[in-house]
Every structure is written in structure tokens, then in C-alpha cells.
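Numbering (UniProt numbering), first residue to last: 1 to 536. Each residue gets a CB set at the ideal place from its N, CA and C atoms; glycine is no exception. These notes concern the structure reproduced below.
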């Protein structure tokens, strides 16, 4: 019992450590004064001042100041994350550099940290399928053992003229060795250790059954946008035509699109800013829905858009411009023409694969995943281009949410256990259909925490192979523990009945106790090994 309590205590240590991260008090601004209050007293909307070296007391949005914030305890990220006005911060994370002012968006009892703790506690209390089966078998097994012990006490003295004391002694020995303590603790010690380890690495499991399920997954389906890719457009090509330079093309386009909320426009502006280009916002702007825009920049006209825009304006697109558009379109990029007077250029953007995407796919294969599949609502050409760069086994494009559900169902019929990885929002039906639904970037996302079975708190694709490896190891340890516990029990029970036939004679009670408790200690220590597992 002491060892079992110790095991449970070790697995809950991660939760206690998380709870200690949030400070008890907070510095808020009320009535023009800065006052210190209990963290639970901070109201939604109140400004909170977080100084360097202090922990953030509540979830919120940065109003003023810039800093680096350590989120490792929540997300597993080893590198501090830059925070500036408009960025989200979370309770329990550590402000490392400058002072920041944060507008509280949640109360202390409703923070992401509090929800993580609640989810892990719920997961630890929820039994895995193996535990449920073991308990069900244990109920009937105990009855059988009790009947066997009673018969061992009564039958030999009544029918075989054996000594009652000896029969009673053997019956007590049987009760000791047949007790399923090691078998009962074999699975929970392992599952709880895996859940605690995963939480320390920013991976939340909603129950032990999902540890077991992910451990036997043979196929993984990825949503494209925001999962295998960054989920935003980035400029990939700037092509200068008819005498213009690349820098000029990007300058004109960024100036024209500075005030546009369109994702492509924002990608162009980011690319210009990254190159240190000074952007002069357009003096006049006319949007042409679905085609592009016409802007007045520094007294001259700049057009940015599709060939359809220029056709509607009665402007002929040069042949080299059309050639570049066709080339970039074949490469699954979204391209736009840029014109200022007689000078032309082409800018292309794409939702690029994450840096870790191809390595994640390769790592999953090394872990025994037989099929990695890409699912997307984008056009076939775009999906095929991403599939080539990430080396997935199969890809499906132009899918509606219900189509993704059908594909996941077909994978499950063919491979058995299937994991679906997405953002937990537009692919929620497919996550629910899969054996295991995994949502990425769950920190601060209520949808991800609610819809998925497993939540990767950081926006880090590389955490997925670690989660699969941890679950595969947990499954192996459970099998080892069950084998050890049942094997020792079978041997000891056999010695109770047939020990007199061996050179050692009947099984002695001290030996029986040592064997029984020894197997319990072994399976507990074997399960605790998972607490020490580290991400490579």
C-alpha cells in the first residue's frame, strides 16, 4: 500500500508543480493607483502589471511593453516566446525581461493553467480499457480464490485425513500468492506515469484509454492548413519583369496593400518589412472584389491582382508575365501581377509546410506507423505540392468536413487504430471519428481542449512523434507488467498445490509473501520508469 501511494504521489507531483506556478497575488491598476490584490480577486478587463522575474497571475492580452516569456511548463517549449502588445499570455508563465501590462481575459479560477490541471486530474481518474478489464476479471477471480481457499481448508481434513493446521496454513499461503495486487497495479502505475510525463512535455491526454489507443495506432491522418503547414500565407517568389527590380516590385505591392486585411496582402507587407523596406501607405485605394486592387502610391498608380483585374481595366498582360503566372500556379502557389506604369512584376505566396513536417512524417514511420495521409479542403494541385514536400503516403484534396470523416473511417477499416491530427476547430468531426483525435496548439484554445482526445499545447508538430513513442513504450511496459505479475502468481499458486513434489518441499509462507510483494515492487518500479522519459 505504501508503494502504491508513493506511485500515485509521484505521478501527481507534476500537477502540484503546475499549481505552484501561479502567484498568489497580483499587481493591478485601479482608480489610477497600482495596488496588490489576491490573484483570485483580479477581474476580467483589469490591467495587471507583471515585472521581470515574476509569474503571470491570470490569462490576458499584452497592452503595453515587450518581453520574453517562458511557457515551458505549459507547452514544453524550451525557448522563451517573445510577447508584444496584442499577444496572449497565460497564468503560470514566467516573465523574463521587460515589464508588461496585461489586460485580464479570464479570472484566476478559469485560466488555461487551471483547465490543464483539471484535465490531467480527470485523465488520471479515468480508467483505461486494460484497467477496466483487470478490475472486472478481478471481481470474479477473487471469488474463485476464496472458494479455492475454503475447499483447501475443508477437503483434505474431511476426505484425505490430512492435518487441519497444515491445510489451514496452505490455504492462507494460497490467499497470499493468489492475491492480484501486482496485477491490479500493473496498468495504473504505468498509465499514470505516462500521463504525468506527457503533461510535463506539454501534451494532455484526456484519459488512460487514449494512451493505450495511441500506442497501437497504425495510421495517422493530418489536416493540412495550420497542422502540416503554418496556416498563413508567406511570400515565396518575387519576380521582376520589364526593367523593374525585385525590391521595387515588393515596395509597390506592399505600399498598395498596406491597409488591406486580405491574407495575401498581409503576406506581402510582412515580406517587405522583413527586408527592411520602407512602406508608404496608399493615398487612394479601390478594391476589385476577387480580382485585386488599384492604388495611388506617391502620386502614381499601382495595380496588384489577377489577370482578370487587368482585363477589366483594358490592360494587356505581357507574355512573360503570363508565363511566370503559369509556372508559379503549377507549383501550387498563389501568384499576383504587380504593375506601375510600364514596369511589371509577379509576387507569389503559399502556405508553406512547417519546418518539422517532413521529419515528423519520417519519425512516425520509424515508430511503426504504416500510413501517413494528408487531408485538405484545398485544390488537388496545392495538396499534391505539400504532399511531395512532406513525403506523406497518400493525399486527398477538395474535401468537405464530411468527406474527411469518410476518409478517416476508410483508414480505420483498413489499418485499425487511426489518429487524426488537426486544429480542433474546422476538423472537429474527423477528430471525433478517429480512434484518437489530436489537436495542435491547444494553449488558449477552448475548441482544441474540448474536441480532441489528446492536446499538444504548443504549436509544435515535433511533439507528436514523442507522444506516439511514449504511448508505445507505455503499452510495452503494461504488457511486461501483466506478464510478470501473472507469471509470478501462476508459479507461486502451482507451488502451493504441488510444492511437495519439488526438492524444496511445500511453499513456505515467508517465501510466498516475498514472491508476492516482490512482484508488486517490480511492476511499480517498471511503471515509474516512464516518469523519467525525455524528449530527444
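- request: Answer yes or no: does any C-beta atom of chain D fall closer than 8 Å to that of residue 390?
  value: In summary, chain D is missing from the structure at hand, where a single protein chain is found.
- prompt: Hey, out of 480, 340 and 434, whose CA is closest to residue 453's CA?
  reply: What you label residue 453 is simply residue 453 of the chain shown in a count that begins at 1. It is 434.
message: Along the chain, where does the beta strand (DSSP E) containing residue 292 start, and where does it finish?
response: Taking the chain shown and counting its residues from 1, one reaches residue 292 at position 292. Where residue 292 is concerned, the enclosing beta strand (DSSP E) stretches over 292-297.
- prompt: Thinking C-alpha only, which one of 515, 413 and 512 is nearest residue 217?
  reply: As a first step, residue 217 is located in the chain shown; it is residue number 217 there, counting from the start. Of the candidates 515, 413 and 512, the one whose C-alpha sits nearest the C-alpha of residue 217 is 413.
field: Chain-order list of residues whose beta-carbon lies under 8 Å from that of residue 609 (same chain, five-residue window excluded)
entry: The structure shown does not extend to residue 609, since the chain spans only 1 to 536, so no value can be given for it.
- prompt: So residue 54 is in the beta strand (DSSP E); what residue range does that whole segment cover?
  reply: Locating residue 54 in the chain shown gives position 54, where the first residue counts as 1. From DSSP, residue 54 is part of no beta strand (DSSP E); its letter is neither H nor E.
field: Distance between residue 438 and residue 400 (C-alpha atoms, nearest Å)
entry: Residue numbering aside, residue 400 sits at position 400 when the chain shown is read from its first letter. Residue numbering aside, residue 438 sits at position 438 when the chain shown is read from its first letter. Rounded to the nearest angstrom, the two C-alpha atoms are 19 Å apart.
- prompt: In three-state terms, what does DSSP make of residue 230?
  reply: For the purposes of this step, residue 230 is identified with residue 230 of the chain shown, where counting begins at 1. Looking at residue 230 - three-state DSSP - the assignment turns out to be coil, as it is neither helix nor strand.
- prompt: Looking only at its own chain, which residues have a Cβ that is under 8 Å from the Cβ of residue 352, when we skip the five neighbours before and after it?
  reply: Position 352 of the chain shown holds residue 352. Within the same chain, residue 352 has close Cβ partners 229, 230, 234 and 236.
query: If you follow the alpha helix (DSSP H) that residue 206 is part of, which residue opens it and which one closes it?
result: As a position in the chain shown, residue 206 is number 206, starting the count at 1. Run containing residue 206: none; DSSP gives neither H nor E here.
task: Entirely within the UniProt domain "P-type ATPase A" (21-121) and at least 4 residues each: give me those alpha helix (DSSP H) ranges in chain order.
output: 72-75
message: Can you find the residues in the same chain that come closer than 7 Å, C-beta to C-beta, to residue 84, ignoring five residues on each side of it along the sequence?
response: If you number the chain shown from 1, residue 84 lands on position 84. Counting only Cβ-Cβ distances below 7 Å, and skipping sequence neighbours, we find 62 and 66.
- request: State buried or exposed for residue 457, treating a residue as buried only when at least 16 other CB atoms are found within 10 Å of its CB.
  value: To locate residue 457, count along the chain shown from 1; it is residue 457. Label assigned to residue 457: buried.
query: Taking all protein chains shown into account, do 16 or more other C-beta atoms lie within 10 angstroms of the C-beta of residue 314, making it buried, or fewer, making it exposed?
result: Taking the chain shown and counting its residues from 1, the one referred to as residue 314 is at position 314. So residue 314 counts as exposed.
query: With a Cβ-Cβ cutoff of 8 Å, do residue 378 and residue 397 count as a contact?
result: In the chain shown, counting from the first residue as 1, residue 378 sits at position 378. In the chain shown, counting from the first residue as 1, residue 397 sits at position 397. Cβ atoms of residue 378 and residue 397: closer than 8 Å.
query: Which one or two residues does DSSP pair with residue 301 in a beta bridge?
result: The residue given as residue 301 occupies position 301 in the chain shown. Answer is 296, bridged to residue 301.
message: Does residue 490 pass the burial test, meaning 16 or more other C-beta atoms within 10 Å, or should it be called exposed?
response: As a first step, residue 490 is located in the chain shown; it is residue number 490 there, counting from the start. Label assigned to residue 490: exposed.
- prompt: At which residues does the alpha helix (DSSP H) containing residue 511 begin and terminate?
  reply: Counted from its first residue, the chain shown places residue 511 at position 511. Counting along the chain, the alpha helix (DSSP H) containing residue 511 begins and ends at 509-528.
- prompt: Is the CB-CB distance between residue 214 and residue 471 below 8 Å?
  reply: Counting from one through the chain shown, the residue named residue 214 turns up at place 214. Counting from one through the chain shown, the residue named residue 471 turns up at place 471. Contact: yes.
- prompt: Run through DSSP, which three-state label would residue 353 get?
  reply: Indexing the chain shown from 1 puts residue 353 at position 353. Residue 353 falls in the strand class under three-state DSSP.
field: Coarse secondary structure for residue 237, derived from DSSP in three states
entry: By 1-based counting over the chain shown, the position of residue 237 is 237. Strand.
query: Mapping DSSP to helix, strand and coil, what is residue 282?
result: Stepping through the chain shown from its first residue, residue 282 is reached at position 282. Residue 282 falls in the coil class under three-state DSSP.
- request: Report the partner residues of residue 344 according to the DSSP bridge assignment.
  value: Here residue 344 refers to the residue found at position 344 when the chain shown is read from its first residue. Residue 344 is bridged to 241 and 339.
query: So, is residue 195 buried or exposed, given that buried needs 16 or more other C-beta atoms within 10 angstroms?
result: Counted from its first residue, the chain shown places residue 195 at position 195. Buried, since its Cβ has 16 or more Cβ neighbours within 10 Å.
task: Verify whether the separation of the beta carbon atoms of residue 34 and residue 27 is less than 8 Å.
output: Translated into positions along the chain shown, residue 34 becomes position 34. Translated into positions along the chain shown, residue 27 becomes position 27. Taking 8 Å as the Cβ cut-off, residue 34 and residue 27 qualify as a contacting pair.
query: For residue 71, is the classification buried or exposed, using 16 other Cβ atoms within 10 angstroms of its Cβ as the cut-off for buried?
result: Position 71 of the chain shown holds residue 71. Classification of residue 71: buried, given that the 10 Å Cβ count is 16 or more.
field: Delimiting residues of the beta strand (DSSP E) encompassing residue 373
entry: Translated into the one-based positions of the chain shown, residue 373 becomes position 373. Note, residue 373: beta strand (DSSP E), 371-375.
Spatial distance of residue 272 from residue 479 (CA atoms): Within the chain shown, residue 272 is the residue found at index 272, counting from 1. Within the chain shown, residue 479 is the residue found at index 479, counting from 1. Taking the straight line joining both Cα atoms gives about 57 Å.
Under the three-state DSSP convention, the category residue 437 falls into: By one-based count along the chain shown, residue 437 stands at place 437. Here residue 437 sits in strand by DSSP.
query: Residues in its own chain within less than 7 Å of residue 296 by CB, not counting five upstream and five downstream?
result: Position 296 of the chain shown, counted from the first residue, corresponds to residue 296. So the qualifying residues of the chain are 282, 283 and 284.
- prompt: What residues match up with residue 222 in a beta bridge as DSSP calls it?
  reply: Working through the chain shown from its first residue, we reach residue 222 at position 222. Answer is 374 and 421, bridged to residue 222.
message: Assuming residue 293 and residue 304 are in contact, meaning their beta carbons sit under 8 Å apart, how far apart are those beta carbons, in whole angstroms?
response: Along the chain shown, one-based indexing puts residue 293 at 293. Along the chain shown, one-based indexing puts residue 304 at 304. Going by Cβ atoms, the distance from residue 293 to residue 304 rounds to 6 Å, so yes, they are a contact pair.
message: For the pair the region 384-395 and the region 257-271, tell me if three or more CB-CB distances fall below 8 Å.
response: no
message: Let's test the definition: count the other Cβ atoms within 10 Å of the Cβ of residue 73 and tell me whether it reaches 16, buried, or not, exposed.
response: Here residue 73 refers to the residue found at position 73 of the chain shown. Residue 73 is buried by the Cβ-count criterion.
- request: Kindly indicate the opening and closing residues of the beta strand (DSSP E) around residue 456.
  value: Numbered from 1 along the chain shown, position 456 holds the residue referred to as residue 456. Where residue 456 is concerned, the enclosing beta strand (DSSP E) stretches over 454-456.
field: residue 387 to residue 359 span [Cα, whole Å]
entry: The residue labelled residue 387 in the question sits at position 387 within the chain shown. The residue labelled residue 359 in the question sits at position 359 within the chain shown. Distance between the alpha carbons of residue 387 and residue 359: 13 Å.
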